[in-house]
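Quick note on numbering: the first sequence equals residues 1279 to 1625 in my numbering.
We put the CB at the ideal spot given by N, CA and C, even for glycine.
Quick caveat: nothing in here was measured; it's all calculated off a predicted structure.
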Amino acid sequence: MPKESMAEQLLAWYDRHRRVLPWRAKAGETADPYRVWLSEIMLQQTTVAAVGPYFASFLARWPSVEALAAAPLDDVLTAWAGLGYYARARNLHKCAQAVAARGGDFPSDEAGLLELPGIGAYTAAAIAAIAFDQRAAVMDGNVERVVARLYRVQSALPAAKPELRALADSLTPDQRPGDYAQAVMDLGATICTPRKPRCALCPWREACAAFKAGDAEDYPRKTPKPERPILHATAYWMTMPDGSVVLRRRKEEGLLGGMMEIPTNTWRATPWTLDEARGVAPVAAAWRDLPGNIRHVFTHIDLRLTLLSGSLRKVPDGMLAASLDKLGDYALPSVMRKIVSAAVKGG
DNA sequence: GATTCGTGGGG
DNA sequence: TCCCCAAGAAT
1279 MPKESMAEQL LAWYDRHRRV LPWRAKAGET ADPYRVWLSE IMLQQTTVAA
1329 VGPYFASFLA RWPSVEALAA APLDDVLTAW AGLGYYARAR NLHKCAQAVA
1379 ARGGDFPSDE AGLLELPGIG AYTAAAIAAI AFDQRAAVMD GNVERVVARL
1429 YRVQSALPAA KPELRALADS LTPDQRPGDY AQAVMDLGAT ICTPRKPRCA
1479 LCPWREACAA FKAGDAEDYP RKTPKPERPI LHATAYWMTM PDGSVVLRRR
1529 KEEGLLGGMM EIPTNTWRAT PWTLDEARGV APVAAAWRDL PGNIRHVFTH
1579 IDLRLTLLSG SLRKVPDGML AASLDKLGDY ALPSVMRKIV SAAVKGG
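If you want it as structure tokens, here you go:
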């Protein structure tokens, strides 16, 4: 099948099945670059369902890129808490300030977008196509999967990326590039799914090599990922006489960078004994262990936590005390909220 | 090219 | 329970 007709076929399918998403312009409407950018950053490695409420609250609180640029970084981190990949929040803020500094308009081409913080190859193409209707080949996980099946690409990811990208580019039409970009991603999200693809409903079924071979689910091929190390640590639940709890801000870079934390000792492969954990506590206190173990799985770390509780009279240097009913006002990532929950429950 | 970066849902 | 993975970027 000629590639032009494949794009036409997909666009016809899209016109019939176009999904309503909070950041998506309705048919015939012009997309708002700010909304497109904000949603694309949030959607990096994150599901539509998870993004929904965050997108709504960000948009309500910061209706424009200028408003977001003017916000304190800590407010952005707090609003982002729970969504993960916190470098995105720091880059979001940095990017907003860069755009505000150039008058509030986003660059309208891929090259210009690519220079902005937090915008890589995929996001630059997505914004160029969706917000500015420029011809740009978007390559995300959906497109990788669709194209790998369509051509039954034998090489494995991530090495196959350049090959898949060239194929994706050759399929991208000059007409309606913004709709095409959303269409091919929607196809991957709703029809050409990782498992149990709904090939019977696919507009590209006739052209699909993997469908013909009956092994769509075997693509894209992937090289196995390294296994996740198990690390152990102790969280120190330090309470003040008024019932507030001691928090600390993490360093700006690295894991959970810039976010708040319940202080822990070093994350290490060997489990900590009670005495060892008491010996390296942030401050001297009558530490007692709290019941319940916490497990939190990051992309590359399987973290196991135990809890020690201590009563303090004064807040340690470099830390702060927060009342339990105000913890929502702090930039606490999910793993730290798990600790809070376990500590409150365990007394 | 390989690593580092979160979290929650689905099968 | 476990594994996969999601509109990837930065280093």
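Query - S1589 - containing beta strand (DSSP E), residue span - result: 1580-1589
Query - Reference W1301; option with closest CA among Q1375, A1438, A1404 - result: A1404
Query raised in the report: Taking the alpha-carbon positions, what's the Y1497 to R1427 distance?
Result: 6 Å
Query raised in the report: By a C-beta neighbour count over all protein chains shown, 10 Å radius and 16 as the cutoff for buried, is M1449 buried or exposed?
Result: According to the sequence provided, residue 1449 is Leu. The question's Met does not apply to it. Answer is buried; the Cβ neighbour count reaches 16.
Report task. Can you check DSSP and say which residues form a bridge with W1545? Result -> W1545 is not bridged to any residue.
Requested in this report: May I have the straight-line CA-CA distance separating T1356 from S1386, to the nearest angstrom?
Outcome: 30 Å
Query raised in the report: Using the C-alpha atoms, what's the distance from W1482 back to S1283?
Result: 10 Å
**Report entry** Residues of its chain near L1598, where Cβ-Cβ distance is below 6 Å and the 5 sequence neighbours each way are ignored
**Finding:** L1525
Query raised in the report: Taking the alpha-carbon positions, what's the F1336 to L1321 distance?
Result: 14 Å
Query - Cβ-based neighbour list, G1398, same chain, cut-off 8 Å, excluding 5 preceding and 5 following - result: L1392
Requested in this report: Please list, in chain order, all residues of the same chain as A1609 whose beta carbon is under 6 Å from its beta carbon, the five residues on each side excluded.
Outcome: L1355, T1356, A1359, M1537, M1538
Query raised in the report: For R1527, which beta-bridge partners are listed by DSSP?
Result: M1538
Query raised in the report: Quick one: any contact between the stretch 1541-1559 and the stretch 1502-1515, if contact means 3 or more CB pairs under 8 Å?
Result: yes
**Report entry** Expected contact under 8 Å - CB spacing of R1297 and D1464 to nearest Å
**Finding:** 6 Å
Report task. Rounded to whole angstroms, what's the CA-CA distance from I1617 to C1480? Just pull it up for me. Result -> 45 Å
Query - Residue environment, R1506, which counts as buried when at least 16 other CB atoms sit within 10 Å - result: exposed
Requested in this report: Have a look at Q1432, L1351, M1518, D1447 and flag the residue whose alpha-carbon is nearest the alpha-carbon of H1371.
Outcome: L1351
Query raised in the report: When you compare only the Cα positions, how much space is there between S1601 and I1572?
Result: 22 Å
Query raised in the report: Would you say G1396 and N1369 are within 9 Å of each other, going by their C-beta atoms?
Result: yes
**Report entry** Pairwise C-alpha distance: H1578 and A1409
**Finding:** 34 Å
Requested in this report: Please go through the stretch 1366-1398 and give each complete alpha helix (DSSP H) segment of 4 or more residues, from N-terminal end onward.
Outcome: 1388-1392
Requested in this report: Kindly identify the DSSP beta-bridge partner or partners of I1508.
Outcome: D1580
Query raised in the report: Ordered along the chain, which non-local residues of its own chain (more than five positions away) have a Cβ less than 6 Å from that of G1588?
Result: M1516, A1563, W1565
Report task. Report yes if the CB atom of W1545 is closer than 9 Å to the CB atom of T1584, and no otherwise. Result -> no
Query - DSSP-derived helix/strand/coil call for Y1458 - result: helix
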